[in-house]
Amino acid sequence: MKHITKVYGSLYANNDVHLTLDKGEILAVVGENGAGKSTLMKILYGLEQPTSGKIYLNGQLQHFRSPHDAINQKIGMVQQHFMLLNPCTVAENIVYGREPRKGLFFDREEAVRVTEALCEKYGLHIDPRRLVGDCPVGLQQRVEILKVLYQDADIIIFDEPSAVLTPQEVNELLRTMRKLAEMGKSIIIITHKLHEVMAVADRVMVMRLGRYIQEMAKTETSIEEMSYLMVGRRIVERQVPPRKPTGRVLEVQDLVLAGSEAKNILDHFSIHVDGGEIVGIAGVSGNGQSELIQCLTGLLQPTSGKVMLKGQDVAGKSVGDIRTAGCACIPEDRYLWGCAARASLTETAIMAHQRSSKISRNGLLNNKGARDFTQSLLDGYDVRNSGQTQKAGELSGGNIQKLIVAREIEQHSPLLIAAEPTRGVDIGAMEFIHNKLLEKREQGDAVLLISSELTEIMSLSDRIYVIYEGRAVGEFRKADATEEDLGILMMGGKLNEAVS
Amino acid sequence: MKQSHNAKNFGPRLWRSLRQPLIAVAFGLLVGALVILACGQNPIAVYIEMFNKSFFTPYYLFSTLTRATPIIICAMATGMAWRAGYINIGVEGQMVTGTFVATVCALFIPGPPILAGLLAWIAGMIAGALYALLPAVLTWKFQVSMVITSLMLNYVANYITSYFVTYPLKDTAGDGLALQTPEIHELMRLPRLSTTSTFNAGFLIAVAVMLFMVFITKRTVFGYESKMGGFNPSFARYGGTKQVKVMIITMALSGAIASIAGTAEVFGLKYRYADGMLSSTSYAWTGLMAALIADLNPVGMFFVSIFLSGLQIGGSAIQRSLGIPLEIATIIQCCITLFVSVKLIFKVRQKKPVREDVKEGGAQA
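Those sequence lines, one after another, are chains A and B. 1 is the number of the first residue of the first sequence in our numbering; add one for each residue after it. 1001 is the number of the first residue of the second sequence in our numbering; add one for each residue after it.
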C-alpha cells in the first residue's frame, strides 16, 4: 500500500501511509486508538475507499470497492466483533456465503465434511455441529478464523483479536497465528498490546495520528521503544502508595439474580469494599458482571440478598435512591448507558447532577450553572471538544469516556463503580483515567473496578475477586495475585491451595 | 484531530438546522408546480396568487393565523410527547375529548359565565390529559405499543362524541338538522382581535402555549430529563430519572395541550361543538406534520404551522379564483413532509461512522 490518504471531513485518518507485507510474515500494526490503524485495514479490506493512494498485490494494482473484491483477491479479516450467526452451527457459519449445494439445496453434510477437512488441515479443532451461540468466545474467534481460511485467504487481518480473550485463550491464539504464518499465510495484526507484539510478530509498524511513524524488526525493538513511538512521550511506571482503609463502604451479601433458566445469573455473590481501596473484579465477560453492576446501581432488581452501602440496605431500591445513598458508576458501555449520541456535552455532563443545587433549584434549571459546571469538567479532565453544543456522539471514544469519568467522579460519592473504565480508549486517556481512580482512592473513597482487562485489574487493585458464572470464586491480595492463578479461576478451574 | 470541523459557531449551526426544511419546501413547491403545469396553468402566477391570498393581504393573513391557532397547539402537543420518545399520535382524540368536555361544561355549569368558562377550560384540559394517560398506562403496565393504542383511541373519541351531538346534546333550535351542540354563553367567548375577520384571542393562547413549551424544554429539570429519555432511555434510567413519572407527566401535558387546541377553536371561533369539526379539518395531522418538519423545535413548529395553514388558505383561494383544485395545497404539504423525512436517511448515513467508532473504539471525530 503506497501513499494511502483517507480524509473524513477535515480529519486526516490516514496521511500518506505505506505498508508492505511479505509472504509468511506476521506484521503488527500498533498505535493508539484513533491512530488510523483500523482505517488503514478497512481500506485494505475494501470497506473504505482511500481518498488517494494505491494498493498493489503481488505487483498488481488493485481497486477494492467492497470486501467482496478483497476476498476474491484472497484477503480475509477476522473482525474484532464477530460476525457470526449464533443460532446456527459452526459448519453453517463457516460456509456461509459460499455454501456447498446439492442441486438447489444447501448440502449440510458436505458443509460438515468441508469444515472437518479445514480443521484437520490447519490443526484448529472444533465440533462442526455445535451451535456457535454455545461456544465460548475463544472458540467463536476460531470459527471466524476458519471462515476466513475457508474463503482461501492468503492475507489475514486480525483486528484487536485479543480484546475479548482470557490469557490462556490469548496464548492459544498467538500459537495459531504462528502456525498459520509457517504454512505460508501472511498476517497483519492490529493491536495496542505490546507484549503480544513481542510474542508473535516479525515486524512492527507504528502509527500515530494517522501517520506512518516507523517500522522495525521485532528483534531490534523493545516494548519501551514502541510505546514511546506510539504515544510520542515516555509513560512513567506508576507508583502506588499503600492503601489506608477507612472502614466498610460496600458489603454485598448472598446476592442472587435468578435467570430465565434454572441457573442463577448471580449466585450467592458476596464481596466487600472498604474506603480507601480499589477492589477489582476479574472475569471473562458474560459471567454476570453486567448484571452485578445493574443490581448494585438499581437498574435491575436482585432476586434476594443484601447490598449494604454505608450501612444501609439498598438492594432493590431505585437508581436515584442508590445514587443519593452514595454510589456513582462509570458504566461498562458508554454508548448504551453513559451518554446519548444526540445530546450536547452540557446535557451529557449534568446527568445525575441535574438536581444538585449548582444545576437547578425547585425543578428550574440554572443554565449558566450547568455550563460552568460542564466547562470545569471539560477543562479539568482534558476533554477535547469544539464547544459545549457539540454532540456527545461526535466526540472520540476516549474523550467521551473522560467526560463520563469526570461526571461520575465529581459526584464525590463514597463508592464509585468503575466498569471497563478504559475499554477502547488510547494509552494517554487510559493513564489519565487510572490516575483519577487512584486519586479517588487517596481521598478515602471506595472504588469497585470491574474489568475484563486483566492487566488493568492487576495494576490498580488492592484486592481482587474473580467472578465465574455469577459466583465470586476467589479473593486475592494484590501481592498474592498472579496472572496464571486468576486466569485458571476465570476459566472455571480450581487452584490447589485455598487462597482466601 | 479531535476538533470537529462543524458546530464551531452559530451561523453554520443555524444553517444546518434550517437546511433540511428549506430544501424540503423548495422541492415541495417544485412538485406542486409540476401539478399546476399539468392543470394547464402558469405555476409562478398561481404561486403569487396563492401567497398573496394567504400571507400578503391583511384579511387573508388573519384567516391564516386563525386557522394556524389549533394547528400550532396540536404541534406543541405532539412535540411534547415525541421529544420524550413517546410517539403519541392520538392528539386528535385527546383534543376531541378535551374540547367536548369543555363545551359540555360551558353549557351546563351554573353560575357566572366567566367563572364557568374558566372551569370549562380546566375540565377540558383534565379530560384531555386523562385520555392521553390511557395509552401511557397501557404502555407502562402491559408494554402495549403506544403508537397503536393512541391512534385507535382517536376513533373511539370521535365516535363517542359523535353519538352525544347526534342524540342527547343536539341543538334542537333552528332547523335542528346540524349535528352540533347549542352555542356557549356570549361572555365566555374569546375576544376578536380584528374587526373585519374572525381572528381572535385564541392565537395569543397559541403563542402562550409555545412560550410554555420553550420554558419546559429549556429551563426545567423535567424538560431535560424527558429529552434525555427521548434520546436514550437507558442513559436517562442510568442517571436516576424516574421514567414512569416522566412518562405520566409528559403524556398528561401532551393531552392537556391537545385539549386547548380544540377548546380555543370552540371558544374563539365556532362557539359550539359540531360533529367532526376537529377531525375533518385535520388539525392534529397538520400539527403532526409541522412537528416533524420543525424537528420538534417549539419556535420552528410555531412558524411551520403558520406556513402550512397559509398553504391551506391560499389553496382554497386559488380554487375559487383560478379553478386549481384545493388538493394542490395538500400535495405540497405532504411533499414537504416527505422530503423532510429524507433527513432521517441522512441521519442514518451520518450515524454510520459513529457506529464504526463504537466498534473500533476509535477516535474519528
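Quick reminder that beta carbons are idealized off the backbone N, C-alpha and C, glycines included.
Item, Value
"Helix, strand or coil at residue 140(A) according to DSSP, with G and I counted as helix", "helix"
"Own chain partners of residue 275(A) with C-beta closer than 7 angstroms, once the 5 adjacent residues on each side are dropped", "245, 246, 247, 249, 414, 444, 445, 446"
"Three-way DSSP call (helix, strand, coil) for residue 480(A) in this model", "helix"
"Continuous beta strand (DSSP E) stretch holding residue 257(A): start and end", "248-258"
"Per-residue burial, residue 1173(B) [other beta carbons within 10 Å of its own, 16 or more giving buried]", "exposed"
"Contact the stretch 156-175 of chain A vs the stretch 465-477 of chain A: 3+ CB pairs below 8 angstroms", "no"
"C-beta neighbour in chain A for residue 1352(B), strict 8 angstroms", "Note that residue 1352(B) scores 41 on pLDDT, short of 50, meaning its location in the model is unreliable and no value can be drawn from it."
"Span separating the alpha-carbon of residue 326(A) from that of residue 36(A)", "40 angstroms"
"Assigned secondary structure, residue 1088(B) (DSSP; H/G/I helix, E/B strand, else coil)", "coil"
"Length of the line joining the Cα atoms of residue 427(A) and residue 208(A)", "12 angstroms"
"Separation of residue 163(A) from residue 80(A), as counted between CA atoms", "8 angstroms"
"Three-state secondary structure assigned by DSSP to residue 53(A)", "strand"
"Length at least 3, wholly inside the stretch 428-468 of chain A: the beta strand (DSSP E) runs in chain order", "446-451, 463-468"
"Test: residue 355(A) CB closer than 8 angstroms to a CB of chain B", "yes"
"Residue 366(A) in three-state terms, based on DSSP", "coil"
"Top-ranked residue by Cα proximity to residue 1077(B), from 1129(B), 1196(B), 1107(B), 1163(B)", "1129(B)"
"Alpha helix (DSSP H) segments (min. 4 residues) lying fully within the stretch 37-116 of chain A", "37-44, 67-72, 90-95"
"Per-residue burial, residue 1016(B) [other beta carbons within 10 Å of its own, 16 or more giving buried]", "exposed"
"DSSP three-state assignment for residue 168(A), whether helix, strand or coil", "helix"
"Range of the contiguous beta strand (DSSP E) that encloses residue 28(A)", "26-30"
"Neighbour-count burial assignment, residue 1328(B), 16 or more Cβ in a 10 Å radius", "buried"
"Which of helix, strand or coil DSSP assigns to residue 1167(B)", "coil"
"Residues that DSSP places opposite residue 23(A) in a beta bridge", "For residue 23(A), which the question treats as bridged, DSSP gives no partner whatsoever."
"Positions along the stretch 333-348 of chain A whose CB lies within less than 8 angstroms of some CB in chain B", "335, 336, 337, 338, 339, 340, 341, 342, 343, 347"
"Proximal residues of chain B, C-beta to C-beta of residue 318(A) below 9 angstroms", "1240, 1242"
"Inter-stretch contact at 8 angstroms, needing at least 3 Cβ pairs: the stretch 1178-1190 of chain B / the stretch 313-325 of chain A", "no"
"Residue 1110(B) versus residue 1260(B) - alpha carbon distance", "22 angstroms"
"Beta-carbon contacts of residue 1190(B) that lie in its chain and below 6 angstroms, excluding the five residues immediately before and after", "1200, 1201, 1202, 1267, 1268"
"Partner residues on chain B for residue 452(A), Cβ-Cβ distance less than 7 angstroms", "Neighbours of residue 452(A) on chain B: none; closest Cβ ~13 angstroms, over 7 angstroms."
"Three-state secondary structure assigned by DSSP to residue 1144(B)", "coil"
"Separation of residue 229(A) from residue 214(A), as counted between CA atoms", "8 angstroms"
"DSSP three-state assignment for residue 288(A), whether helix, strand or coil", "coil"
"Among 1315(B), 1188(B), 1089(B), 1158(B), the one whose alpha carbon lies nearest that of residue 1112(B)", "1188(B)"
"For residue 1218(B) and residue 375(A), the rounded distance between their alpha carbons", "19 angstroms"
"Chain-ordered neighbours of residue 1217(B) on chain A, where CB pairs are closer than 8 angstroms", "Within 8 angstroms Cβ-Cβ: nothing; residue 1217(B) doesn't reach chain A, min ~10 angstroms."
"The stretch 1084-1100 of chain B in contact with the stretch 1146-1161 of chain B per 3-pair CB rule at 8 angstroms", "yes"
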